Each structure stands twice: as structure tokens, then as C-alpha cells.
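**Student:** I am attaching a structure below and will ask some questions about it afterwards.
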Amino acid sequence: MRERQRSVSPSDVCYLLYTSGSTATPKGVTLAHGSIIENGFNIGERQHLTPADRLWLTVPLFWSFGSANALPAILTHGGCAVLQESFEPGEALELLERERCSVYYGMANMARAMLEHPDRRRRRLDSMRTGLTIGLPEDIEMTMEAVGARELCNVYGSTETYGNCAVTDAHDPLARRLHTQGLPLPGMDIRVADPETRRPLPAGEVGELCVAGHVTPGYFRAPELDAAAFDAEGYFYTGDLGLVGDDGRVRFRGRLKEMIKTGGINVAPLEVESVLLQHPGVKQAYVVGVPDHDKDEVVVAVLELHEAAAVDAGAIVAFCRERLASYKVPTRLVFRKAEELPHTPTGKIHKPGLREELAAYPSPRRKRDAADPDGPPDLNREPRS
């Protein structure tokens with residue numbers, strides 16, 4: 001056994017995981033022993049994990065959120081992992097109560113399903129304390145309410161950065177945990193670069209987030225991907241937009257590949273989604289750019305409404321007009337149920353599939369108001385396929 005241990009070094013590969021494919025074809029990512037343990041420990045430290053903690057986990061273990069994040073975080077702190085084979089909200093609530101779980105590892109859509117489940121009110125979840133999730137501030141607050149984890153942490157990272165490279169502290173003020181993704185973890189360096197020139201940008205400017213430290217040794221049998229993703233200093237170019245503030249905290253702003261270019265102006269889908277989610281009738285919002293003859297792309301929003309909501313497209317557009325520049329207001333609204341949306345195997349919305357589906361629809365006839373010739377056309381409610 002000792003001889004076998006001596007033959008393995010911290011830099012040896014122990015995982016081969018594939019990216020979720022939410023914005024592109026899944027890529028094989030290699031991860032090393034030493035960084036799995038060290039970065040996992042650091043993630044646990046941000047949550048203030050102890051041997052008394054019990055972590056609920058239902059996300060797939062072939063996903064870095066589970067295998068490179070949750071498991072090493074809890075195991076390096078001597079805690080317990082409570083596994084749910086596949087997510088079902090009623091069973092999840094029963095597990096959280098029965099096993100006295102204290103750590104939540106899941107997505108906002110899972111928390112919402114638990115919040116809306118008829119068993120939620122009778123379940124005692126007073127043991128819940130912390131955990132990790134991702135999403136807009138509204139998603140994170142809802143997750144806290146759904147599972148009672150008032151010290152929930154906000155995070156930023158990817159498979160290539162061992163799940164997370166920035167995490168808020170569980171004891172940070174609520175506003176900081178809602179609106180930032182926290183400080184880089186120990187051993188991580190995050191900077192921002194111009195996406196076109198790769199020139200480093202100063203604090204506060206939005207650009208491509210680049211990470212050095214605990215990053216993948218390389219893509220699996222894909223040297224061409226390595227050459228495109230890394231610079232000479234070893235920084236990994238994430239393909240994500242964001243900024244690092246004067247306080248050193250990371251603020252995620254969206255995916256470069258998802259950026260919409262309409263009439264020569266960039267629109268970040270995340271900003272539009274955040275506004276749409278403030279509307280009381282909107283449960284979930286997904287914004288994509290769809291090809292357009294006149295403007296290259298137009299802003300299209302796919303919405304899932306609350307069950308009892310009686311909302312028309314015009315009211316939602318008026319809501320957006322009050323809060324967004326005119327070129328950011330969606331020119332089309334499409335209404336869907338959750339089960340009608342394309343998903344990746346890890347449960348994320350597959351935006352390329354969504355974009356492809358929407359591009360197949362003919363655009364609504366453009367009716368312009370003489371007082372607002374550049375405004376969005378009348379919107380229609382497209383039929384569900």
C-alpha cells in the first residue's frame with residue numbers, strides 16, 4: 001500500500017470530467033489529486049464546515065459541482081454526505097428533515113420545487129445552515145427561504161477551475177452574498193482581460209475572467225483547446241464576463257458566447273433576465289439572441305410564468321421599458337412550461353438548443369409606432385410545440 005501511495009503524486013490526474021455543454025459541445029477536463037483536495041478544503045472553509053455538518057447532495061457525481069466540490073469540501077472537514085439518487089422534491093424535504101442536513105448543494109430550480117411542494121410547511125428544516133448555489137440575487141434569496149439555509153454562499157467557477165475559484169464567506173453580510181461571488185479562494189488568482197486583445201483591465205471594468213492556480217492541467221486529448229484557453233503565463237480564459245472590484249471580489253456578468261449583438265450594441269442576457277424576474281408573474285426567464293436580417297440579432301426572452309399568473313406580453317414589455325434601455329427590451333416573448341425547455345444532463349438550460357428552436361420560428365411582423373420608430377415590434381404569444 002505504501003509503495004502504491006509513493007507512486008502517486010499530487011499532480012497526477014484523478015478525475016476526467018466533462019463540461020455541462022450548456023453553451024457548447026462538452027469537453028473532457030482533467031483534474032489532479034492535490035488540487036481536488038486543497039481547493040475542496042478551501043471551499044469548505046468558506047462555508048465554515050465542521051465534522052458535525054451533514055451535506056445534502058443530489059446533483060450528479062459526474063458533474064464537478066458534486067465530485068470536485070461537494071465531496072472534497074465535506075470529506076476534508078470530517079462531515080457526512082447525504083446522497084439522494086435522483087431529485088424529487090418531496091423525498092428531498094423528507095431527507096433534509098430526517099437526516100438533519102445542515103448544508104445545501106443544489107440549484108435554484110430544485111429549491112423552488114421544494115418551496116412549492118405541499119409537504120414544505122410541515123417539514124422542520126431548522127438544522128439547515130449553509131451551502132452553495134448559483135443564480136441571480138432573486139434565486140439565492142428564494143433558495144434561502146426554501147431550505148432555511150441563511151448562511152448560503154454565492155460562488156463562481158467552472159469544471160476547469162475545480163468547481164469553484166471564488167466563494168463568498170458564509171458570514172458575509174447578505175447583500176455581499178447576493179451581489180458578488182466573493183473573493184478568490186486561496187491558491188487562486190483571478191484577473192480580467194479584454195476579450196479581443198487579452199490585455200489586462202483595471203479593477204471595476206468588465207471583461208473576460210481569467211484564472212490561474214488550481215486550474216485543469218489540460219483538456220483530454222485536445223491540445224488545440226489548451227492552446228486556445230491558456231496564455232503564456234498559465235491563465236485560463238474562462239469565456240465568462242465579469243469584473244473584479246476594488247474590494248477584490250468577483251462579480252459574474254454572463255457568458256461571452258451568450259452575449260447578444262443587436263444593431264452593433266452588446267446586450268448581456270443576465271441583465272435582461274434579472275429585470276424579467278422582478279415581474280411578479282414571471283417564474284423563470286431565459287434570454288438569447290436570435291438571428292435577424294436587420295440587426296444581426298434580436299433579444300428574445302423565453303418565460304415560465306407562475307401558475308396563477310394572468311399576464312400578457314404587452315404588460316411585461318412595458319415593465320421592461322421602465323427598467324431597461326430600449327435596445328435591451330425583448331422583441332419577442334415566448335411562453336413555455338419548465339418541461340418544454342431543453343436541458344443538459346446536469347439540469348442546466350441548454351441555450352444553444354433554445355436559440356436553435358427560436359430561430360426556426362418566423363419573427364413576428366414588425367409594427368412600429370410613429371412615435372417610437374426604433375422600438376420593439378408588437379409581441380405575440382407563440383404556440384407551444
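Residue numbering for the sequence shown follows the numbering used here, beginning at 1 and increasing consecutively.
Ideal Cβ positions, reconstructed from N, Cα and C, are used throughout, including at glycine.
Note that the coordinates shown come from a computational prediction; the quantities given were computed from them, not determined experimentally.
(1) Going by beta-carbon coordinates alone, are G131 and V103 separated by less than 9 Å?
(2) Could you tell me the alpha carbon to alpha carbon distance between V8 and H117, rounded to whole angstroms?
(3) Work out the CA separation of R54 and C101 for me, nearest whole Å.
(4) Decide if the segment 200 to 219 is in contact with the segment 175 to 191; the criterion is three or more beta carbon pairs, one per stretch, under 8 Å apart.
(5) With three or more C-beta pairs closer than 8 Å as the rule, is the segment 146 to 154 touching the segment 65 to 80?
(6) Determine the DSSP secondary structure at P373, reduced to helix, strand or coil.
(7) Between the alpha carbons of D126 and M114, how many angstroms are there, rounded?
(8) Quick one: residues in its chain with C-beta nearer than 6 Å to the C-beta of A370, no 5 flanking neighbours on either side, listed in chain order?
(9) Enumerate in chain order the residues of its own chain whose CB-to-CB distance from P51 is below 7 Å, with the five nearest sequence positions on each side excluded.
(10) Excluding the 5 residues flanking G66 on each side, which residues of the same chain have their C-beta closer than 8 Å to its C-beta?
(11) Does the segment 169 to 177 come within contact of the segment 34 to 43, defined as at least 3 CB pairs closer than 8 Å?
(12) Give the range of the alpha helix (DSSP H) segment to which D189 is assigned.
(13) Roughly how many angstroms lie between the CA atoms of R255 and K337, to the nearest whole one?
(14) For R381, name the three-state secondary structure that DSSP assigns.
(15) Just mark T161 as buried or exposed, buried being the case when its beta carbon has 16 or more other beta carbons within 10 Å.
(16) Closer than 6 Å by C-beta to D296: which residues in its own chain qualify, once you throw out the five before and the five after it? Chain order, please.
(17) Pull the bridge partners of W63 from the DSSP assignment, please.
(18) Using C-beta distances below 7 Å, list every residue in its chain close to P217, excluding the 5 sequence neighbours before and after it, in chain order.
(19) Which one of H48, L324, A318 and P269 has the shortest CA to CA distance from R355?
(20) Which full runs of the alpha helix (DSSP H) of 4+ residues lie inside the segment 115 to 178, going along the chain?
(21) Could you compute how far the alpha carbon of D194 sits from the alpha carbon of L201?
(22) Excluding the 5 residues flanking L183 on each side, which residues of the same chain have their C-beta closer than 6 Å to its C-beta?
(23) Counting along the chain, where does the beta strand (DSSP E) carrying L49 start and finish?
(24) Suppose the cutoff is 7 Å on Cβ atoms and the five residues either side in sequence are ignored; what does the same chain contact list for D226 look like?
(25) Pick from L136, C153 and R251: whose alpha carbon is nearest that of A170?
(26) Just curious, the beta strand (DSSP E) that Q278 is in, first and last residue?
**Tutor:** To lay it out plainly:
(1) The residue you call residue 131 lines up with position 131 of the sequence shown. The residue you call residue 103 lines up with position 103 of the sequence shown. Cβ atoms of G131 and V103: closer than 9 Å.
(2) Working through the sequence shown from its first residue, we reach residue 8 at position 8. Working through the sequence shown from its first residue, we reach residue 117 at position 117. Cα to Cα, V8 sits roughly 47 Å from H117.
(3) By one-based count along the sequence shown, residue 101 stands at place 101. By one-based count along the sequence shown, residue 54 stands at place 54. Roughly 5 Å between the two C-alpha positions.
(4) yes
(5) no
(6) Here residue 373 refers to the residue found at position 373 when the sequence shown is read from its first residue. With a pLDDT of only 36 at P373, under 50, the local geometry of the prediction cannot be trusted, and the value read off the model is given with reservation. Looking at P373 - three-state DSSP - the assignment turns out to be coil, as it is neither helix nor strand.
(7) Within the sequence shown, numbered from 1, the residue matching residue 126 stands at position 126. Within the sequence shown, numbered from 1, the residue matching residue 114 stands at position 114. Using only the alpha carbons, I get a separation of about 15 Å.
(8) On the sequence shown, residue 370 is found 370 positions in, with the first residue counted as 1. In this prediction, A370 has a pLDDT of 34, which is less than 50 and means its spatial position is unreliable; nothing more can be read from the coordinates.
(9) Residue numbering aside, residue 51 sits at position 51 when the sequence shown is read from its first letter. Closer than 7 Å at the Cβ level, and outside the excluded window around P51, lie H77, G78 and G79.
(10) Walking along the sequence shown from the start, residue 66 turns up at place 66. So the list reads L57, V59, P60 and Y105, once near-sequence residues are dropped.
(11) no
(12) The residue you call residue 189 lines up with position 189 of the sequence shown. No alpha helix (DSSP H) holds D189; the beta strand (DSSP E) holding it covers M188 to A193.
(13) If you number the sequence shown from 1, residue 255 lands on position 255. If you number the sequence shown from 1, residue 337 lands on position 337. Distance between the alpha carbons of R255 and K337 is about 24 Å.
(14) Taking the sequence shown and counting its residues from 1, the one referred to as residue 381 is at position 381. Because R381 sits at a pLDDT of 44, beneath the cut-off of 50, its placement in the model cannot be relied upon, and the following sentence gives the value as read from the coordinates. Three-state DSSP puts R381 in coil, outside helix and strand.
(15) As a first step, residue 161 is located in the sequence shown; it is residue number 161 there, counting from the start. Looking at its Cβ environment, which holds 16 or more other Cβ atoms inside 10 Å, T161 is buried.
(16) Numbered from 1 along the sequence shown, position 296 holds the residue referred to as residue 296. Once the five neighbours on either side are set aside, the close Cβ partners of D296 are K261.
(17) As a first step, residue 63 must be located in the sequence shown, where it is residue number 63. The partner list for W63 (beta bridge, DSSP) is empty, contrary to what the question assumes.
(18) By 1-based counting over the sequence shown, the position of residue 217 is 217. So the list reads V13, T30 and A32, once near-sequence residues are dropped.
(19) Taking the first residue of the sequence shown as 1, we reach residue 355 at position 355. If we check each option's Cα against that of R355, P269 comes out closest.
(20) 137 to 147
(21) By 1-based counting over the sequence shown, the position of residue 194 is 194. By 1-based counting over the sequence shown, the position of residue 201 is 201. Taking the straight line joining both Cα atoms gives about 6 Å.
(22) The residue labelled residue 183 in the question sits at position 183 within the sequence shown. Contacts found: G248 and R249.
(23) The residue labelled residue 49 in the question sits at position 49 within the sequence shown. Element bounds for L49: n/a, residue is neither H nor E.
(24) Position 226 of the sequence shown holds residue 226. Same-chain partners within the cutoff: G218 and Y219.
(25) Indexing the sequence shown from 1 puts residue 170 at position 170. A170 has its Cα closest to that of C153, out of L136, C153 and R251.
(26) Walking along the sequence shown from the start, residue 278 turns up at place 278. Per DSSP, Q278 belongs to no beta strand (DSSP E) and is neither H nor E.
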